[in-house]
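Residue numbering for the sequence shown follows our numbering, beginning at 212 and increasing consecutively. Here a beta-carbon is modelled for each residue, glycine too, at the ideal position from N, C-alpha and C. Small disclaimer: the values here were computed from a predicted structure and weren't measured. Worksheet: the structure to be examined is printed underneath.
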Amino acid sequence: MKDDRITVRFSADLRRRLQQAASISGTRKSDLVRGAVERQLAAENNVITAYERAKRAGLIGAVRRVSRDLSTNPRHFDGFGGS
């Protein structure tokens, strides 16, 4: 299967840096760009939400001896936020 071709515009400085990196590594510019895009997309797929971070840190359910429905049961909100 043949790869699709796209056009990307780079500033003169970025184009120079890309050429320099390709020369140093002995890699084609297109391979460097493709690798950078693949790494970026993989990183975006591995984004951890604040909830997941808190859960991993042991902060979810860290308060003991309280009702489990503190954040969802309206009866626990009486007087909260009032002036």
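Distance between residue j and residue i (C-alpha atoms, nearest Å)
| i | j | result |
| --- | --- | --- |
| residue 283 | residue 248 | 41 Å |
| residue 277 | residue 254 | 38 Å |
| residue 244 | residue 257 | 20 Å |
| residue 218 | residue 235 | 24 Å |
| residue 246 | residue 213 | 18 Å |
| residue 291 | residue 281 | 12 Å |
Reduced DSSP category for residue i - H, G, I as helix; E, B as strand; rest coil
| i | result |
| --- | --- |
| residue 271 | coil |
| residue 281 | coil |
| residue 276 | coil |
| residue 227 | helix |
Contact check, residue i vs residue j, beta carbons under 8 Å
| i | j | result |
| --- | --- | --- |
| residue 230 | residue 240 | yes |
| residue 271 | residue 265 | yes |
My parser needs the alpha helix (DSSP H) runs of 4 or more residues fully inside the region 229-273; what are they? 240-256 and 261-267
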